[in-house]
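Residue numbers (full-length UniProt numbering): 1 to 134.
Written out as structure tokens, the structure is:
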């Protein structure tokens, strides 16, 4: 098997609004855009949004996301925090903080109940250091 791509597709109530969020908040660019599906790219990373009620989504699975956390790892979480909270006016549901397991991060709500966790790796405390491979 030769894999050419692997990316999440988030189901959305309003595909245009969801795609606009990821473009405005994170800088994604559209590679395909229709009223029911938008494919986005940020460098080597891909994300797509599909209308939750579109016929290509099998019956019984046409629902909005619930319990989905999308991680975005960056090199300057403080700068992203300032941009998302000041420029876009997003209110974190988890305040910017350092975690002993090796992350400085914050979480903001994204469309359709998705949570966006913006993370900068930091050195873990001794209690967590042994959990890392290599």
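Heads up, the beta-carbon is just placed ideally off N, CA and C, and yes, glycines get one too.
Closest residue to residue i among the options (Cα-Cα distance)
i, options, result
"residue 70", "124, 96, 63 and 8", "8"
"residue 11", "76, 112 and 116", "112"
"residue 18", "73, 36 and 79", "36"
"residue 72", "102, 107 and 16", "107"
"residue 101", "74, 126 and 77", "126"
Rounded straight-line distance, which links the Cα of residue j to that of residue i
i, j, result
"residue 56", "residue 22", "22 angstroms"
"residue 38", "residue 131", "38 angstroms"
"residue 82", "residue 91", "11 angstroms"
"residue 41", "residue 124", "31 angstroms"
"residue 118", "residue 109", "11 angstroms"
"residue 115", "residue 2", "31 angstroms"
"residue 129", "residue 104", "15 angstroms"
"residue 34", "residue 14", "12 angstroms"
"residue 121", "residue 59", "40 angstroms"
"residue 16", "residue 68", "19 angstroms"
"residue 133", "residue 20", "37 angstroms"
"residue 6", "residue 31", "15 angstroms"
Cross-strand partners of residue i (DSSP beta bridge)
i, result
"residue 97", "105"
"residue 117", "71 and 107"
"residue 49", "10 and 38"
Touching by the beta-carbon criterion (3+ pairs, under 8 angstroms), the region 84 to 95 and the region 27 to 45: Judged by pairs of C-beta atoms under 8 angstroms, the region 84 to 95 does not touch the region 27 to 45, as fewer than three such pairs exist.
Contiguous alpha helix (DSSP H) assignments of at least 4 residues, all confined to the region 5 to 43: Within the region 5 to 43, the complete alpha helix (DSSP H) runs of at least 4 residues are 15 to 26.
The region 91 to 98 / the region 49 to 57 touching (three or more Cβ pairs under 8 angstroms): Counting Cβ pairs under 8 angstroms, fewer than three are found: no touch.
Meets three-Cβ-pair contact criterion under 8 angstroms: the region 23 to 40 and the region 57 to 71: Contact between the region 23 to 40 and the region 57 to 71 is absent, because fewer than three Cβ pairs lie under 8 angstroms.
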